[in-house]
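Enquirer: Below is a structure I'd like to ask you about.
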Amino acid sequence: MNRIVMQGLITLLLLGGVQLARGHGGGHEGPAEGETIQQYAQRHMSTEHHIDDFDIGSFFQLHDLNRDGLWDREEIEAVYGVHHIYSQKKSKDDEEHQKKAKTIVDTVLKALDKDFDEKVSLEELQIVGLDGLPNFDDLGAEGHHYDIESEFFLHHEEQYHNTPETQTDESYNHPEDLEHFAHHEAIERKEAEREAIFQGITVEEALAQHEPHEHEEAPATPPPIEQQPGVDQQAAVNDGKPKFTRPPPADDPIRRFQEAKKAGVVREEWGSGDDGYKPPKTPTERFKKNLPYKDRFQYKFRRQWGDF
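Under mature numbering (1 follows the signal peptide of the UniProt record, and there is no 0), the residues of the sequence shown are numbered -23 to -1, 1 to 285, in order.
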């Protein structure tokens, strides 16, 4: 990694981790004893950003959000994390924050924009180098890009609570931890206030609904299904859900013709009686003795394409 890139790490990419690390004190604000600035930059990029090596071109492409080959004003603001929540908290109000954003972008353009088109190209960045990017940590523009949860994990959790011994309740006592938990409690409080209004209860009651109850009774086991006499019924348990095998309906074709065959045996033969030689109409009549085959099972030929 060349000198320009390494120096640029100090002016821009190292800023976020340094500010958050100050809450712990001792050895986290810069190079350790006997560590060169290049070694510190490499360690920082590896531990906090999970990037072991990069050049100016890849750095430029990473922050070219719309992939048009240029940094516009909004992308320059993104490089410094101007509108990140951490940066906004250091502005008194929105008017002051907008002035800060304009100051940062104007300063960067003055240093890098050689053709005065209000944008920065890769070539212009290469001429000046990353060490030519101004430092705005005094304004709270520390280069944060991610949401609060990701920043907390990247700059704090991953460094100071990365073992079972440092993940106990007693270990989360740093100022960053207390601020992070207070932020979550504020969010939960606002949600409880909305629920309380909707349900017509107090905020404390709404909060209590979300707390775990230690002595909750286990759900009662449903009683076994009793077999009913005279009904063809089978209870089978599958994933806790009973299943039943019901008898076939009365108009089931198989059952209907089985009964018709039994009735046809005891009736008069075909050709005798008042009905004589009339064509059979019911299943029982089709099972009369001596009935011609063509009348017993009469097929109709289909004549339309849609019938096939």
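In this text, a Cβ means the ideal position worked out from N, Cα and C, and glycines have one as well.
Bear in mind the structure is a predicted one, so any value in this text is a computation, not a measurement.
To the nearest whole angstrom, what separates the beta carbons of residue 95 and residue 86, a pair I think is in contact under 8 Å?
Expert: 6 Å
Enquirer: Starting from residue 110, trace the alpha helix (DSSP H) in both directions and tell me its first and last residue.
Expert: That residue, residue 110, is in no alpha helix (DSSP H); it is neither H nor E in DSSP.
Enquirer: Measuring straight from C-alpha to C-alpha, what distance separates residue 90 and residue 73?
Expert: Distance between the alpha carbons of residue 90 and residue 73: 25 Å.
Enquirer: Using a Cβ-Cβ cut-off of 8 Å (strictly less than) and excluding sequence neighbours within five positions of residue 295, which residues of its own chain qualify?
Expert: Outside the displayed range of the chain (-23 to 285) lies residue 295, so it cannot be described from this structure.
Enquirer: How would you call residue 174, buried or exposed, if buried means at least 16 neighbouring beta carbons within 10 angstroms?
Expert: Around the C-beta of residue 174, fewer than 16 other C-beta atoms lie within 10 Å, and the residue is accordingly described as exposed.
Enquirer: Secondary structure at residue 102, three-state DSSP: helix, strand or coil?
Expert: Correct three-state label for residue 102: helix.
Enquirer: Tell me whether residue 163 is buried or exposed, calling it buried when 16 or more other Cβ atoms sit within 10 Å of its Cβ.
Expert: Classification of residue 163: exposed, given that the 10 Å Cβ count is below 16.
Enquirer: Do residue 33 and residue 57 have their beta-carbon atoms positioned less than 7 Å apart in this structure?
Expert: no
Enquirer: Quick check on the DSSP output: the alpha helix (DSSP H) that includes residue 141 runs from which residue to which?
Expert: It is not in any alpha helix (DSSP H) - residue 141 carries neither H nor E in the DSSP assignment.
Enquirer: Enumerate in chain order the residues of its own chain whose CB-to-CB distance from residue 169 is below 6 Å, with the five nearest sequence positions on each side excluded.
Expert: 180, 183 and 184
Enquirer: When the Cα atoms are used, what is the spatial distance from residue 134 to residue 92?
Expert: Those two C-alpha atoms are separated by around 44 Å.
Enquirer: Identify the continuous alpha helix (DSSP H) that holds residue 34 and give its terminal residues.
Expert: 33 to 40
Enquirer: What does the Cβ neighbour count give for residue 157, buried or exposed, with the cut at 16 atoms within 10 Å?
Expert: That one is buried.
Enquirer: Taking only three categories from DSSP, how would you classify residue 59?
Expert: Of the three classes helix, strand and coil, the one that applies to residue 59 here is coil, per DSSP.
Enquirer: CA-CA distance, residue 176 and residue 186?
Expert: 12 Å
Enquirer: What is the rounded straight-line gap between the Cα of residue 293 and the Cα of residue 188?
Expert: Given a span of -23 to 285 for the chain in the structure shown, any question on residue 293 remains unanswerable.
Enquirer: Taking the straight line between their C-alpha atoms, what separation do you get for residue 117 and residue 84?
Expert: Interpretation of residue 117 is limited by its pLDDT of 47, a score under 50 that renders its predicted location unreliable; the figure taken from the coordinates is listed afterwards. Going by the C-alpha atoms only, they are around 15 Å apart.
Enquirer: Is it right to say residue 79 is buried, meaning 16 or more other beta carbons lie within 10 angstroms of its own, or is it exposed?
Expert: Per the 10 Å Cβ criterion, exposed.
Enquirer: Using DSSP bridges, identify the partner residues of residue 89.
Expert: None; residue 89 has no bridge partner.
Enquirer: Can you grab the Cα-Cα spacing for the pair residue 102 / residue 144, in whole Å?
Expert: Cα to Cα, the separation comes out at about 42 Å.
Enquirer: For residue 40, which residues from the same chain have a beta carbon less than 7 Å from its beta carbon, with the 5 sequence-adjacent residues on both sides left out?
Expert: 48, 52, 55 and 56
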